[in-house]
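Reading through the structure tokens given below for one structure.
2 protein chains.
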Amino acid sequence: MRTVGIDLGGTKVMAVLVENGEVLAKAKQPTPVTGGPDAVITAMVAAARKVDPGGTAVGVGIGAPGPVVPGSGVLPAAPNLPGWDHDVDVVGRMSAALDGRPVKLDNDVNVGTLAEWKLGAGRGVDDLLGVFAGTGVGAGLVLDGRLRQGPRGLAGEIGHTFVAFDQFREAPVGRGELEDFAGRRSLQRWVEVAPHAESALMRRLMGRGRLKSKAWADGVEAKDPLTLRLVNRASSALSAAIASAITLVDVERVVLGGGFAERLGEPFRERVEAEVAERAFAGQTAPVVAARLGDTGGAVGAALLLEHT
Amino acid sequence: MRTVGIDLGGTKVMAVLVENGEVLAKAKQPTPVTGGPDAVITAMVAAARKVDPGGTAVGVGIGAPGPVVPGSGVLPAAPNLPGWDHDVDVVGRMSAALDGRPVKLDNDVNVGTLAEWKLGAGRGVDDLLGVFAGTGVGAGLVLDGRLRQGPRGLAGEIGHTFVAFDQFREAPVGRGELEDFAGRRSLQRWVEVAPHAESALMRRLMGRGRLKSKAWADGVEAKDPLTLRLVNRASSALSAAIASAITLVDVERVVLGGGFAERLGEPFRERVEAEVAERAFAGQTAPVVAARLGDTGGAVGAALLLEHT
């Protein structure tokens, strides 16, 4: 069966047409910065029509930032989406605009995990953790062969788990959550609070803009001490949170993806995997493998929502 | 239906006969310290016969320390059980000794959580975390109305999740896991490594033996500064791990039990609950309620294994 998948992000709307796990068409457009939810929904409808002009798809799946209460079809206020400041019935509105065809909505990282599980690096296991380290850090869980959503759609928010409980009220950046050490947004803030003498290279790479993943890879390449310290701390915090998740819910495999992790590549993944094994309870670790689907994973996973939830 | 439940602990074997959630008979005996698994199995058979002399129970459930691979019936080497240094087919041997009646085996904290969920403070929700803080710290998870075991039986080992990732290789006690801050065994070690001037009261309460939960309650009562600091740090580490679990798997309620937490009572529970709420991601917390079944909870939960797994 053919389905359309849409990955709704803060900067772009990516759409794909998928059949039997193959991407037949792909389209990308910027997320509207004005017009709020109305403009975003219009853009998503246009993207769906662009990849499926004949209307052959049986339905549309959407991955979006933030917790989605299972079955609600509602995307609550999302700080990463321009002007998305209240609950919106995304499923109802999209379905109405698409001749009543079924529409499903889930969290973007959940659908990214679904894609890796069905078509990527997570194939063949029933219990999987997908971790995506980019601007922030998110995760999805497959337990007993089902994508875990949780009663409030919170499941998988690994970036907000506490890896440094004693820094809750006194950290220079954040409050001791994984994302505070391993998300690109926070990593930039650590550079900003570092003494100028230590952070010269990273400040130069930053200029007036954002420290992109490439800048972090360049800093590692140049053996810049601050970069190495922050990146190694990121991998250590990630390994702690991953080892904790393995121990708390028992998964057989971990897929590691996201722009930051993917740009740092194999050495970073190896370092995380080795430290996860070292931290494992009673020697019970799990392999940490690289995500395979790259930046279309979210849209492909959204397309799979019609079949797998 | 009538079932026997056995809670196999490091110091005692507790057995109950249960029907419709009512405890009809109860028996307790010390865990044999010599004779290894053979002696322990003999003691469990005797305990089952003692609470059910007429053999009216349809089967026997056992809760035991350590991960149990679902369906295996095997209890691996368990450091807390005297002489239990290799895998033992507990289900096969118990069933053979009990005229072939069905026997089920699971982790002791999982069955404690099952009991609270079916008969205690966890009734009425489909997604529950049971946390038990005593000598160590363990937990059980109910997800989507089912006790989560995990492919390797690891699920729920919250005591081994990392709450202080940066202390992995340099902590005075442990390696930054929850249990290192909130388990009674580790709390005693923190007293032992503290300067004598600070730890005079707790050293006196300890004598040559162990610091029992009552000693911690007495130290709090006396407003001993070291006790207060360690107990407050325990509640903070617990709240971090609980908030992380709520965020990672999404549970609606948390049951807090175990000898240490129950002895410190309502003020401790309130403190944990308040800090869990403060740490919650996007305001999505969960109530933390006191366990209700006390020290028979494990045995009662083991009896429920016959009905609910």
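Quick mapping for you: the protein sequence lines, in order, are chains A and B.
Here the first sequence is numbered in this note's numbering, starting from 1 and rising by one per residue.
Here the second sequence is numbered in this note's numbering, starting from 1001 and rising by one per residue.
Backbone N, C-alpha and C fix where the C-beta goes; we use that ideal spot for every residue, glycine too.
Which same chain residues, not among the five before or five after Gly219(A), have their C-beta less than 8 Å away from its C-beta? Once the five neighbours on either side are set aside, the close Cβ partners of Gly219(A) are Leu201, Met202, Leu205, Leu226, Thr227, Leu228, Val231.
Give, in chain order, every unbroken run of the beta strand (DSSP E) that is at least 3 residues long and sits entirely within the segment 1266–1304 of chain B. 1288–1290
Chain-ordered neighbours of Ile6(A) on chain B, where CB pairs are closer than 7 Å: Ordered by position in chain B, no residue passes the 7 Å Cβ test against Ile6(A), which lies about 23 Å from the chain.
Please give me, in chain order, every unbroken run of the alpha helix (DSSP H) with length at least 4 that falls completely inside the segment 1066–1128 of chain B. 1090–1097, 1108–1119
Would you list, in chain order, the members of the segment 250–261 of chain A that have their beta-carbon closer than 7 Å to a beta-carbon of chain B? Asp250, Glu252
The beta strand (DSSP E) with Asp1007(B) in it runs from where to where? 1002–1008
Residues in the same chain with beta-carbon distance under 6 Å from Val254(A), minus the five sequence neighbours each way, listed in chain order, please. Leu129, Ile242, Ala286, Val288
Is any beta-carbon of chain B found at less than 8 Å from that of Ile158(A)? By this cut-off, Ile158(A) is an interface position.
The segment 152–181 of chain A: which residues have C-beta closer than 9 Å to a C-beta of chain B, in chain order? Arg152, Gly153, Leu154, Ala155, Gly156, Glu157, Ile158, Gly159, His160, Thr161, Phe162, Val163, Ala164, Phe165, Asp166, Gln167, Phe168, Arg175, Gly176, Glu177, Leu178, Phe181
Along the chain, where does the alpha helix (DSSP H) containing Glu310(A) start, and where does it finish? Since the first residue shown for chain A is 1 and the last is 309, residue 310(A) is missing from the structure and cannot be characterised.
Please return the same chain residues whose Cβ sits closer than 6 Å to the Cβ of Leu238(A), not counting the five positions on each side in sequence. Within the same chain, Leu238(A) has close Cβ partners Ala182, Val272.
Counting only the same chain and skipping the five closest in sequence on each side, list residues whose C-beta sits under 8 Å from that of His196(A). Arg203
Where the segment 120–150 of chain A meets chain B: residues whose CB sits under 9 Å from a CB there: Those residues of the segment 120–150 of chain A that come within reach of chain B (Cβ to Cβ, closer than 9 Å) are Val125, Asp126, Asp127, Ala139, Leu141, Leu143, Asp144, Arg146, Arg148, Gln149, Gly150.
Bridge-paired residues (DSSP) for Phe132(A): Gly138(A), Gly257(A)
Quick check: what's the CA-CA separation for Leu178(A) versus Leu8(A)? 24 Å
Would DSSP call Glu157(A) helix, strand or coil? coil
Neighbouring residues, chain B, relative to Phe281(A) (Cβ below 9 Å): Near Phe281(A) (Cβ distances below 9 Å), the residues of chain B are Pro1067, Leu1154, Glu1157, Gly1159, His1160, Thr1161, Glu1177.
Does the beta carbon of Thr247(A) come closer than 8 Å to any beta carbon on chain B? yes
With 16 other CB atoms within 10 Å as the buried threshold, where does Gly1294(B) fall? exposed
Going by DSSP, name the residue or residues bridged to Gly61(A). Gly5(A), Lys104(A)
Gly1150(B) classed as buried or exposed, judged by whether at least 16 other C-beta atoms fall within 10 angstroms: Classification of Gly1150(B): buried, given that the 10 Å Cβ count is 16 or more.
Between the C-alpha atoms of Gly1005(B) and Met1014(B), what's the straight-line distance to the nearest angstrom? 8 Å
Helix, strand or coil at Val13(A) [DSSP, three-state]: strand
Name the residue from Val137(A), Ala290(A), Pro76(A) whose alpha carbon lies nearest to the alpha carbon of Val91(A). Residue Pro76(A) is the option with its Cα nearest to Val91(A).
Cα-Cα, which of Ala57(A), Thr42(A), Ile246(A) is closest to Glu307(A)? Ala57(A)
With respect to the beta strand (DSSP E) encompassing Glu222(A), which residues constitute its N-terminal and C-terminal limits? The residue asked about is misnamed: residue 222(A) is Ala in this sequence, not Glu. No beta strand (DSSP E) holds Ala222(A); DSSP gives it neither H nor E.
In three-state terms, what does DSSP make of Glu1307(B)? helix
Paired residues, beta bridge with Lys26(A) - DSSP: DSSP output for Lys26(A) lists Val16(A) as bridge partner(s).
Which word fits Glu262(A), buried or exposed, when buried means at least 16 other C-beta atoms lie within 10 angstroms of its C-beta? buried
Backbone CA spacing between Gly1122(B) and Lys28(A) [nearest angstrom]: One C-alpha to the other measures close to 47 Å.
What did DSSP end up calling Glu177(A) once you bin it into helix, strand or coil? strand
With 9 Å as the limit, tell me which residues of the segment 83–100 of chain A have their beta carbon closer than that to any beta carbon of chain B; keep them in chain order. none
CB contact below 8 Å: Ala237(A) versus chain B: yes
Which residue marks the beginning of the alpha helix (DSSP H) containing Val1193(B), and which one marks its end? 1184–1193
Would you kindly check if the distance between the Cβ of Val1068(B) and the Cβ of Val1016(B) is under 8 Å? No. Outside cutoff.
Compare the C-beta of Ser1244(B) with all C-beta atoms of chain A and state if any pair is closer than 8 Å. Output row for Ser1244(B): interface = yes.
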